[in-house]
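Peer 1: Right, I'll just put the structure down here and ask away after.
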Amino acid sequence: RPLIGVLALQGDVREHTAALEAGGARVLPVRRQSELADVVGLVIPGGESTTISRLLETFELLEPLRARLAAGMPAYGSCAGMILLAEKVLDGRPDQHQLGGLDMIVRRNAFGRQVDSFEEDLDFADIEGGPVHAVFIRAPWVESTSPTVRVLATVPETPTAGAAAGRIVAVRQGSVLATAFHPELTGDLRVHRLFVDIVRGA
Ligand code: GLN
5 RPLIGVLALQ GDVREHTAAL EAGGARVLPV RRQSELADVV GLVIPGGEST TISRLLETFE
65 LLEPLRARLA AGMPAYGSCA GMILLAEKVL DGRPDQHQLG GLDMIVRRNA FGRQVDSFEE
125 DLDFADIEGG PVHAVFIRAP WVESTSPTVR VLATVPETPT AGAAAGRIVA VRQGSVLATA
185 FHPELTGDLR VHRLFVDIVR GA
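Everything in the sequence shown is counted per the UniProt record's numbering, starting at 5 for the first residue and increasing by one.
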């Protein structure tokens, strides 16, 4: 079972840890450079991207993490984690840092202030066994991608989707995976299993 890190500075660390363990990995919470060096893949949880960005500096993890991503470490970012992995963010704070890894532009808090959260069933490429129930909480969406980024899921055209219909909400580039939603909250392990498989194959 591969040793996968969960970046444990802020956000829903516990839920990702449980999902990874149930999905076939061993888990190490990562707060220090030495812990980052020990893991073969990393999950960046949902939370608040501006806060996680600031804490990455405080904990002196920003450059080490950028270096590991540039060297090909598999990573999975959920919601705030997706924002951090994107090359560029729209509606971010001016001082918020990007880790890179996904050659795309995300829009932070894209689904609108009045609609804080919503849920949709998504067809998810690379995942079998029916749609994935997606919980979005003040989520980003992917505004645009380079051709190297593969789109895995978009919001379907449903009456509840509104302006979100058609928006990209799950992507993969090489060993880096990201979802705008939170599979760690639904008990559906398929996205975490997909990431564990990516780590095993890397
Ligand atoms: N809105 C948050 C941000 O900007 C993300 C929310 C989440 O991770 N659930 O980082």
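Even for Gly, the Cβ is constructed at its ideal location relative to N, Cα and C.
First and last residue of the alpha helix (DSSP H) that includes threonine 21?
Peer 2: Sequence index remark: in the sequence shown, residue 21 carries index 17 (1-based). Start and end: 17–26.
Peer 1: Return helix, strand or coil for leucine 103, following the three-state DSSP convention.
Peer 2: If you number the sequence shown from 1, residue 103 lands on position 99. DSSP places leucine 103 in coil when its eight states are reduced to three.
Peer 1: Check whether the Cβ atoms of aspartate 16 and glycine 50 sit closer than 7 Å, and answer yes or no.
Peer 2: In the sequence shown, residue 16 corresponds to position 12, counting from 1. In the sequence shown, residue 50 corresponds to position 46, counting from 1. Contact: yes.
Peer 1: At which residues does the alpha helix (DSSP H) containing phenylalanine 122 begin and terminate?
Peer 2: Translated into positions along the sequence shown, residue 122 becomes position 118. Run containing phenylalanine 122: none in the alpha helix (DSSP H); it sits in the beta strand (DSSP E), 121–126.
Peer 1: For the alpha helix (DSSP H) that serine 57 lies in, which residues bound it at each end?
Peer 2: Taking the sequence shown and counting its residues from 1, one reaches residue 57 at position 53. It spans 53–62 - the alpha helix (DSSP H) in which serine 57 sits, taken as one unbroken run.
Peer 1: Where does the unbroken beta strand (DSSP E) through glycine 45 begin, and where does it stop?
Peer 2: For this step, residue 45 is matched to residue 41 along the sequence shown. Glycine 45 -> beta strand (DSSP E) spans 45–48.
Peer 1: Put leucine 69 into one of helix, strand or coil per three-state DSSP.
Peer 2: For the purposes of this step, residue 69 is taken as residue 65 along the sequence shown, with counting starting at 1. Of the three classes helix, strand and coil, the one that applies to leucine 69 here is helix, per DSSP.
Peer 1: Does any heavy atom of the ligand GLN sit closer than 6 Å to the C-beta of isoleucine 141?
Peer 2: The count along the sequence shown starts at 1 and reaches residue 141 at position 137. Under cutoff, so the answer is yes.
Peer 1: Which residue or residues does DSSP assign as beta-bridge partners of valine 146?
Peer 2: Counting from 1 along the sequence shown, the entry for residue 146 is found at position 142. DSSP, once it has assigned bridges, lists Val110, Ile172 as partnering valine 146.
Peer 1: In the DSSP assignment, what are the bridge partners of aspartate 137?
Peer 2: Along the sequence shown, one-based indexing puts residue 137 at 133. Sequence check: residue 137 is histidine here, not aspartate. Looking at the DSSP assignment, histidine 137 forms a beta bridge with Asp125.
Peer 1: If we ignore side chains and look at the alpha-carbon of each, how far apart do residue 211 and aspartate 201 end up?
Peer 2: With the chain covering only 5 through 206, there is no way to say anything about residue 211.
Peer 1: Mapping DSSP to helix, strand and coil, what is glutamine 177?
Peer 2: If you number the sequence shown from 1, residue 177 lands on position 173. In the structure shown, glutamine 177 sits in a strand (DSSP, three-state: E or B).
Peer 1: Helix, strand or coil for residue 4, going by three-state DSSP, please let me know.
Peer 2: The chain is shown only over 5 to 206; residue 4 falls outside these bounds and no answer can be derived.
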